[in-house]
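Q:
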Ligand code: M6R
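Numbering (the working numbering), first residue to last: 244 to 857.
Structure representation (structure tokens):
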């Protein structure tokens with residue numbers, strides 16, 4: 244949570260920091276601030292509320308300075324307020340810190356610092372860092388911010404990505420990372436730190452991800468990396484192939500809508516060139532797992548959070564069905580506490596858009612500790628998950644800015660289909676001919692998704708009918724059960740309507756008690772082996788006066804006869820791939836309901852895009 248950005252270079256920092264913060268707003272938006280070293284003074288501006296409030300405040304103000312830091316906050320310690328907004332300063336206001344993460348031992352540190360005469364101004368955990376750096380910097384004859392930060396972070400327990408600037412070393416920015424994401428951007432005579440790539444993408448595409456326990460020293464002359472003992476290390480830059488325009492709204496009202504409409508392209512990019520039609524092999528982006536290791540896998544665990552967890556649930560259905568490998572799906576936050584049975588014949592597939600979700604990373608590390616093989620399905624190049632895993636398959640969707648995950652999810656599903664086919668192929672469960680047939684059906688998917696997007700007016704009309712409802716039930720069966728969960732999650736997170744996803748067959752074991760004239764039920768009835776069963780479930784709802792909004796396959800007249808209230812006809816598609824086409828309609832439905840209710844679709848309350856704390 245929280246986004247940090249820092250700048251050292253030959254240009255004025257204010258505009259660069261403000262632009263960077265706007266790109267990071269998806270990470271938290273309850274308060275924001277910047278600090279710039281300007282004419283031997285530290286100019287600090289902070290605001291409660293969104294970045295637009297801060298922008299209004301600093302817009303007309305001329306703040307000259309080439310070294311600065313900025314922060315957008317998602318509160319953990321201390322309520323959202325101007326006083327708790329970052330940057331936080333020391334007693335003498337000679338240095339400031341911006342921080343993303345949680346300092347777990349801040350109370351002990353604060354007690355000690357208070358006893359030493361330090362005066363605290365906020366309720367945050369972060370402020371201890373400013374006072375620690377002050378404690379080390381103040382007595383130094385020759386002020387060395389790098390050294391002071393290094394000594395300070397040795398005291399910290401928890402997770403952090405920090406950036407520090409000080410009047411005592413005014414041409415320097417020092418940053419450090421421990422379990423919270425941080426990248427360094429290398430420009431021409433200018434250097435950046437940021438929580439995520441979009442913050443700096445319009446100024447440079449050359450980045451170096453900072454690794455755990457590394458410290459970075461930036462001046463306008465260069466960026467230098469150190470380990471926690473201040474031994475210099477050499478890091479190789481990488482080039483990001485994201486287009487800065489992808490990080491803009493491009494005429495859409497919200498990023499979420501733009502990202503929904505990008506899906507034909509993002510699915511295509513994700514699977515393009517992924518399969519060798521000659522050998523039937525899947526092309527990984529990075530792979531330290533040999534084919535023999537892949538063949539030897541006896542069990543797969545999908546671990547992930549939120550939407551990515553739903554992708555994992557679909558993964559279990561597909562891999563067990565197509566490749567016949569037993570699978571489990573775990574919420575990453577539960578995985579390491581339940582002592583799963585892991586060995587080198589186990590493969591952990593971590594699914595994560597950001598590659599920085601703390602729970603998912605912890606699960607990945609736990610798996611490695613037990614000698615299991617690991618694979619990451621991830622969207623962000625160079626993120627922690629991609630560095631930690633033995634193998635990586637990227638979803639190539641470009642930056643996903645809307646807090647509600649859309650295009651990353653469908654790309655994850657596409658990759659999971661490809662993986663299931665690949666596992667079946669290497670284990671000789673299916674013939675090469677069948678492998679190619681299956682892959683070809685996957686390649687037809689982007690065109691189908693385009694067709695589904697053309698249903699937007701119909702979906703919007705249905706949203707108009709239902710947007711004032713208080714509760715929703717979503718039902719699906721088999722591979723579409725996780726899609727019902729995902730539909731419900733999408734609706735609740737952006738519209739704040741209570742929505743529950745259920746396996747349709749499970750309805751009679753409890754949720755049926757909720758059915759009355761006020762309860763709309765979204766039913767995924769697009770066919771497959773469970774089609775007849777789903778129709779029976781619809782009849783059970785209708786018999787109790789419930790309202791049914793059904794997704795069915797074009798040409799299905801039978802479903803009309805049982806009297807559903809609203810019907811959206813979907814293109815013909817294999818059941819496996821209906822997970823993707825159905826998802827797109829549910830995304831559009833959630834979007835239009837939320838928009839009609841006047842909700843802040845891209846930045847729903849209380850949420851943050853990447854949850855980098857436990
Ligand atoms: O970056 P990750 O995929 O690891 O994020 C996982 C979840 O936090 C994320 O999917 C979350 O549930 C989204 N808000 C869903 O729209």
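Backbone N, C-alpha and C define an ideal beta-carbon position, used for all residues, glycine too.
According to the neighbour-count rule (16 or more other Cβ atoms, all chains shown, within 10 Å of its Cβ), is residue 368 buried or exposed?
A: Residue 368 is buried by the Cβ-count criterion.
Q: Does the segment 711-721 come close enough to the segment 737-750 that 3 or more CB-CB pairs lie under 8 Å?
A: Yes, they touch.
Q: Is the beta carbon of residue 695 less than 8 Å from the beta carbon of residue 824?
A: A contact, by the Cβ cut-off of 8 Å.
Q: What three-state label does DSSP hand residue 553 in the structure shown?
A: Helix at residue 553.
Q: Could you check if residue 603 belongs to the surroundings of the ligand M6R, using beta carbon to heavy atom distance under 7 Å?
A: Because some heavy atom of the ligand M6R lies under 7 Å away, the Cβ of residue 603 counts as near it: yes.
Q: Is the beta carbon of residue 815 within less than 7 Å of some heavy atom of the ligand M6R?
A: Answer for residue 815: no, Cβ out of range of the ligand M6R.
Q: Going by CA-CA distance only, name the one from 815, 697 and 257 that's closest to residue 831.
A: If we check each option's Cα against that of residue 831, 697 comes out closest.
Q: Less than 8 Å separating the beta-carbons of residue 407 and residue 338?
A: Cβ distance < 8 Å, so residue 407 and residue 338 count as in contact.
Q: How many angstroms separate the CA atom of residue 413 from the CA atom of residue 600?
A: When rounded, the distance between both Cα atoms is 34 Å.
Q: Report, in whole angstroms, the separation of the C-beta atoms of residue 433 and residue 251, which I expect to be a contact under 8 Å.
A: Right, their Cβ atoms sit about 7 Å apart.
Q: Opposite residue 461 in the DSSP bridges: which residues?
A: Note: residue 461 sits in a beta bridge opposite 416 and 466.
Q: Just the C-alpha distance for residue 468 and residue 282, rounded to the nearest angstrom, thanks.
A: Using only the alpha carbons, I get a separation of about 28 Å.
Q: Which parts of the segment 789-855 are runs of the alpha helix (DSSP H), unbroken and 4 residues or longer, counting only runs that do not cross its ends?
A: For the segment 789-855, whole alpha helix (DSSP H) runs of length 4 or above, ordered along the chain, are 801-804 and 818-839.
Q: Would you grab the beta carbon distance between residue 386 and residue 394 for me? Rounded to a whole angstrom, and I think it's under 8 Å.
A: That belief does not hold up - the Cβ atoms of residue 386 and residue 394 are roughly 13 Å apart, past 8 Å.
Q: Tell me residue 545's beta-bridge partners as DSSP assigns them.
A: Looking at the DSSP assignment, residue 545 forms a beta bridge with 572 and 592.
Q: Taking residue 650 as the reference, which of 511, 573, 566 and 705 has the closest Cα?
A: Considering only alpha carbons, the answer is 511.
Q: According to DSSP, is residue 773 helix, strand or coil?
A: Correct three-state label for residue 773: coil.
Q: Following a CB-centred definition, is residue 268 positioned closer than 7 Å to any heavy atom of the ligand M6R?
A: No.
Q: Counting only runs of 4+ residues fully inside the segment 610-648, write out the alpha helix (DSSP H) ranges in chain order.
A: Here the runs fully enclosed are 627-631.
Q: My parser needs the beta strand (DSSP E) runs of 3 or more residues fully inside the segment 369-432; what are they?
A: Correct list: 401-409, 416-421 and 426-429.
Q: What first and last residue would you give for the beta strand (DSSP E) that runs through residue 582?
A: Run containing residue 582: none; DSSP gives neither H nor E here.
Q: Hey, would you say the C-beta of residue 796 is under 7 Å away from at least one heavy atom of the ligand M6R?
A: For the ligand M6R, not one heavy atom lies less than 7 Å from the Cβ of residue 796.
Q: Would you verify that the beta carbon of residue 628 is, or is not, closer than 8 Å to some beta carbon of chain D?
A: Among the chains of the structure shown, chain D does not appear; only one protein chain is present.
Q: Does the segment 303-313 come close enough to the segment 259-269 to have 3 or more Cβ pairs within less than 8 Å?
A: Segments in contact, yes.
Q: Spatial neighbours of residue 736 within its chain, please: CB distance less than 7 Å, with the 5 preceding and 5 following residues excluded, ordered by chain position.
A: For residue 736, where only same-chain residues beyond five positions count, the Cβ hits under 7 Å are 647, 847 and 850.
Q: If you compare alpha carbons, which of 772, 361, 293 and 279 is closest to residue 819?
A: It is 772 whose Cα lies nearest to the Cα of residue 819.
Q: Using a threshold of 7 Å, is the CB atom of residue 850 nearer than that to any non-hydrogen atom of the ligand M6R?
A: Yes, the Cβ of residue 850 comes within 7 Å of a heavy atom of the ligand M6R.
Q: Does the segment 593-613 come close enough to the segment 543-556 to have 3 or more Cβ pairs within less than 8 Å?
A: Result yes; three or more Cβ-Cβ pairs closer than 8 Å.
Q: What are the residues that DSSP puts in a beta bridge with residue 763?
A: Residue 763 is bridged to 790.
Q: Which partner residues does residue 452 have in the DSSP bridge list?
A: DSSP lists 426 as partners of residue 452.
Q: Closer than 7 Å by C-beta to residue 577: which residues in its own chain qualify, once you throw out the five before and the five after it? Chain order, please.
A: So no residue of the chain qualifies.
Q: Would you mind working out which of 504, 631 and 562 sits nearest residue 530, comparing C-alpha positions?
A: Answer by Cα proximity: 631.
Q: May I have the straight-line CA-CA distance separating residue 793 from residue 340, to the nearest angstrom?
A: The alpha-carbon atoms of residue 793 and residue 340 are separated by roughly 52 Å.
Q: To the nearest angstrom, how far is it from the Cα of residue 265 to the Cα of residue 841?
A: Approximately 21 Å between the Cα atoms of the pair.
Q: Quick check: the Cα distance between residue 598 and residue 628, rounded to an integer number of angstroms?
A: Computed Cα separation, rounded: 5 Å.
Q: Keeping to the same chain, check which residues put their C-beta closer than 7 Å to that of residue 594; ignore five residues upstream and five downstream.
A: Within the same chain, residue 594 has close Cβ partners 545, 547, 551, 554, 555, 620 and 655.
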